[in-house]
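In the numbering used here, the protein residues as written are 4 to 155.
The following block contains the structure:
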């Protein structure tokens, strides 16, 4: 068992990942609304669904360490969605612009997971494994978005 302070730090790291997944859920919902293309809508809904699954896994661990899973999003995520709205108004519902915006969001998710892994000295092995596994899953999404954007 860990100290109260250690449990709080673990919960904080996990909640940071919950927030970035909340950003993905909201961001991909927004992106799906911005496009009329069925292939992208399906992809975006699937990616949002993946983040819901990842969040449920993270929430179990947050509670295990005495924390309460956050329901919020990051400040960067909120600002980014405002930027997406502004950009959509300027460029229209351009496929490449939407994919570029999604790629930016995926970069932020990868950076957030990488930061969590860098804190590994204060994290239990099972949490490190969970974070590493989730990062790999999100990396697949990142690569998919990047590949689609590169084809445009």
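Every residue gets a Cβ at the ideal spot worked out from N, C-alpha and C, and that includes glycine.
Counting the other CB atoms within 10 Å of its CB gives residue 14 a total of 16 or more, which places it among the buried residues. With fewer than 16 other Cβ atoms from the protein chains shown falling within 10 Å of its own Cβ, residue 75 counts as exposed. For residue 121, the enclosing alpha helix (DSSP H) covers residues 98-121. Scanning its chain for C-beta atoms nearer than 6 Å, with the 5 sequence neighbours on each side dropped, one finds around residue 30 the residues 108, in chain order. Inter-residue distance for residue 33 and residue 12 is about 31 Å (C-alpha atoms, whole angstroms).
Taking C-beta atoms under 8 Å as the contact rule, residue 125 and residue 9 qualify, at a distance of about 7 Å.
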